[in-house]
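Numbering (my numbering), first residue to last: 48 to 143.
Take a look at the structure below.
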(Lines of atoms letter the chains of each structure in order from A and count residues from 1; the text may use other names and numbers.)
(Lines give C-alpha, C1' and ligand atoms only; values in the text may rest on other atoms or scores of the structure.)
Protein backbone atom coordinates (compact mmCIF):
# COMPACT_ATOMS: atom_id res chain seq x y z
CA UNK A 1 0.00 0.00 0.00
CA UNK A 2 1.30 3.45 -0.89
CA UNK A 3 0.53 6.42 1.32
CA UNK A 4 1.08 9.94 0.06
CA UNK A 5 1.55 12.92 2.34
CA UNK A 6 1.50 16.52 1.15
CA UNK A 7 3.13 19.12 3.36
CA UNK A 8 1.39 22.44 3.77
CA UNK A 9 3.96 24.23 5.92
CA UNK A 10 7.63 24.09 6.88
CA UNK A 11 6.67 23.03 10.40
CA UNK A 12 4.63 20.08 9.11
CA UNK A 13 7.41 19.13 6.70
CA UNK A 14 10.03 19.05 9.44
CA UNK A 15 7.89 17.05 11.87
CA UNK A 16 6.88 14.48 9.27
CA UNK A 17 10.36 14.22 7.75
CA UNK A 18 11.76 13.51 11.21
CA UNK A 19 9.09 10.87 11.88
CA UNK A 20 9.52 9.20 8.48
CA UNK A 21 13.31 9.06 8.84
CA UNK A 22 12.85 7.10 12.08
CA UNK A 23 10.13 4.77 10.77
CA UNK A 24 11.67 3.93 7.38
CA UNK A 25 15.21 2.91 6.50
CA UNK A 26 15.39 3.92 2.83
CA UNK A 27 14.92 7.30 1.20
CA UNK A 28 14.83 8.42 -2.40
CA UNK A 29 15.02 12.21 -2.79
CA UNK A 30 14.20 14.09 -5.95
CA UNK A 31 14.76 17.74 -5.11
CA UNK A 32 15.30 21.00 -6.96
CA UNK A 33 18.16 22.00 -4.66
CA UNK A 34 19.77 21.27 -1.32
CA UNK A 35 20.88 23.92 1.11
CA UNK A 36 23.56 24.39 3.71
CA UNK A 37 24.00 21.35 5.98
CA UNK A 38 24.15 23.66 9.00
CA UNK A 39 20.39 24.04 8.56
CA UNK A 40 18.36 21.41 10.39
CA UNK A 41 16.11 19.94 7.71
CA UNK A 42 16.73 17.49 6.15
CA UNK A 43 20.36 17.02 7.15
CA UNK A 44 19.84 16.29 10.85
CA UNK A 45 17.56 13.35 10.01
CA UNK A 46 19.42 11.81 7.08
CA UNK A 47 21.76 9.91 9.40
CA UNK A 48 18.78 7.77 10.46
CA UNK A 49 18.34 6.41 6.92
CA UNK A 50 20.46 3.38 5.97
CA UNK A 51 20.03 3.63 2.19
CA UNK A 52 19.81 7.00 0.49
CA UNK A 53 19.62 7.93 -3.18
CA UNK A 54 19.14 11.42 -4.50
CA UNK A 55 18.62 13.27 -7.73
CA UNK A 56 19.50 16.88 -7.14
CA UNK A 57 18.92 19.97 -9.20
CA UNK A 58 21.22 22.95 -9.36
CA UNK A 59 19.05 25.43 -11.27
CA UNK A 60 18.87 29.02 -9.97
CA UNK A 61 22.22 28.53 -8.14
CA UNK A 62 20.41 27.45 -4.97
CA UNK A 63 22.29 24.23 -4.26
CA UNK A 64 24.94 24.69 -1.58
CA UNK A 65 28.27 22.93 -2.28
CA UNK A 66 28.45 21.79 1.35
CA UNK A 67 25.06 20.11 0.91
CA UNK A 68 26.44 18.07 -1.98
CA UNK A 69 29.53 17.16 0.06
CA UNK A 70 27.32 16.12 2.99
CA UNK A 71 25.33 13.75 0.76
CA UNK A 72 28.51 12.33 -0.75
CA UNK A 73 29.83 11.69 2.76
CA UNK A 74 26.77 9.56 3.50
CA UNK A 75 27.67 7.27 0.58
CA UNK A 76 24.55 8.44 -1.20
CA UNK A 77 23.72 7.24 -4.68
CA UNK A 78 23.82 10.84 -5.85
CA UNK A 79 22.98 12.15 -9.30
CA UNK A 80 23.02 15.82 -10.19
CA UNK A 81 20.72 17.11 -12.92
CA UNK A 82 22.28 19.09 -15.73
CA UNK A 83 22.39 22.76 -14.89
CA UNK A 84 21.08 23.74 -18.32
CA UNK A 85 17.79 21.93 -17.65
CA UNK A 86 15.21 23.18 -15.16
CA UNK A 87 14.87 20.35 -12.64
CA UNK A 88 12.43 21.46 -9.96
CA UNK A 89 11.19 18.32 -8.22
CA UNK A 90 10.28 18.11 -4.54
CA UNK A 91 9.66 14.44 -3.83
CA UNK A 92 10.79 12.30 -0.90
CA UNK A 93 9.98 8.56 -1.01
CA UNK A 94 10.48 6.67 2.24
CA UNK A 95 10.38 2.84 2.18
CA UNK A 96 11.54 -0.21 4.13
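A virtual CB, placed ideally from N, CA and C, is assigned to each residue, including glycine.
Nothing here was measured: the structure is a model prediction, and the numbers come from that model.
Query - Whole-number beta carbon distance between residue 124 and residue 105, since they are thought to touch under 8 Å - result: That belief does not hold up - the Cβ atoms of residue 105 and residue 124 are roughly 17 Å apart, past 8 Å.
Query raised in the report: Distance, Cα to Cα, residue 139 vs residue 76?
Result: 5 Å
Query raised in the report: Is there contact here, the segment 64-83 with the segment 110-124, by at least three beta-carbon pairs under 8 Å?
Result: yes
Requested in this report: Quick one: give me the first and last residue of the alpha helix (DSSP H) that residue 113 is part of.
Outcome: 112-120
Report task. Report yes if the C-beta distance between residue 64 and residue 89 is below 7 Å; otherwise report no. Result -> yes
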